[in-house]
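Structure first, then comments.
Residue numbers (the numbering used here), protein chains in the order written: chain A, 1 to 136; chain B, 137 to 246.
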């Protein structure tokens with residue numbers, strides 16, 4: 001099963017919609033609730049990252065019997081220093097984004113902790129692609 | 137203890153989401169950082185915060201929290217209220233600051 005969601009940068013009214021849709025699907029499929037919780041956290045954070053940092057992006061979710069693979073491709077500023085970006089508490093989010101309670105510097109670490117596989121490809125000035133794998 | 141009982145015991149305002157008032161409360165989590173709540177709050181908890189916007193309800197729904205409790209007299213935004221009604225997750229409110237409200241909640245639930 002493959003799902004695709006478009007994400008617009010800066011549009012916080014839609015943030016979390018993909019995570020919510022995937023959560024519903026996984027519940028219907030009878031996936032272990034503990035695994036669903038991990039998928040939801042990882043996908044929500046990655047989705048919010050596109051809204052908060054990128055210009056636009058697409059989320060691809062492939063659900064198979066053995067697990068879920070998420071691919072989040074964005075057109076955006078890229079990540080100049082992945083090591084820093086992975087550090088809990090480090091954030092480049094704008095003041096407005098922080099006031100909403102986002103931009104705590106916990107997004108990528110939260111993804112990493114909940115994923116079985118996690119890979120970042122990024123080109124500064126062009127965009128970032130996250131690949132996240134979680135086994136059922 | 138249910139959300140309703142907690143609301144009564146602590147004199148909380150019920151702004152919206154009355155459909156979820158009979159839900160059992162398993163504990164509480166206090167934070168204004170959405171990623172902190174995403175990462176560390178647990179299903180069935182009350183979330184004490186000053187975040188009034190719709191994304192707060194989005195997080196509450198994804199994490200299956202029992203209710204949001206707004207502090208210091210904050211009121212939910214209109215679209216947060218409609219989202220709360222859709223999800224059946226109550227938004228409660230108190231005039232107390234987060235520290236005091238969390239203290240009272242802790243005493244009540246421990």
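The beta carbon of each residue, even a glycine, is placed where N, CA and C say it ideally should be. The model shown is predicted, which means the values in this text are computed figures rather than measured ones.
- Of all alpha-carbon atoms in B:191, B:209, B:142, B:221, the one lying nearest the alpha-carbon of residue 182 (chain B) is that of B:142.
- In the DSSP assignment, residue 210 (chain B) falls outside any alpha helix (DSSP H), carrying neither H nor E.
- Between the C-alpha atoms of residue 12 (chain A) and residue 101 (chain A) there is a straight-line separation of about 12 Å.
- Within the segment 87-135 of chain A, the complete beta strand (DSSP E) segments at least 3 residues long are 117-123, 127-135, listed from N- to C-terminus.
- Secondary structure at residue 203 (chain B): strand, using DSSP grouped into helix, strand and coil.
- The beta carbon of residue 42 (chain A) is closer than 6 Å to those of 111, 114, 115, 132 in its chain, skipping five residues each way along the sequence.
- In the three-state scheme derived from DSSP, where H, G and I count as helix and E and B as strand, residue 222 (chain B) is classed as helix.
- Rounded to the nearest angstrom, the Cβ distance from residue 230 (chain B) to residue 148 (chain B) is 5 Å, consistent with a contact under 8 Å.
- Contact between the segment 176-194 of chain B and the segment 204-214 of chain B is present: 3 or more CB-CB pairs across the two stretches fall below 8 Å.
- Rounded to whole angstroms, the gap between the alpha carbons of residue 162 (chain B) and residue 179 (chain B) is 8 Å.
- Three or more Cβ pairs closer than 8 Å define a contact, and the segment 40-58 of chain A meets that threshold against the segment 71-79 of chain A.
- Contact of residue 175 (chain B) with chain A is assigned, a C-beta pair being separated by under 8 Å.
- The beta carbon of residue 2 (chain A) sits closer than 6 Å to those of 62, all from its chain and outside the five residues before and after it, given in chain order.
- With its beta carbon at least 8 Å from every one in chain B, residue 7 (chain A) lies outside the interface.
- Sequence-ordered contacts of the segment 183-197 of chain B with chain A read 185, 187, 189, 190, 191, 192, 194, 195, 197 [C-beta pairs closer than 8 Å].
- Classified as exposed, residue 124 (chain A) has fewer than 16 neighbouring CB atoms from the shown chains inside 10 Å of its CB.
- Separation of residue 153 (chain B) and residue 126 (chain A) (C-alpha to C-alpha, rounded to the nearest whole angstrom) is 43 Å.
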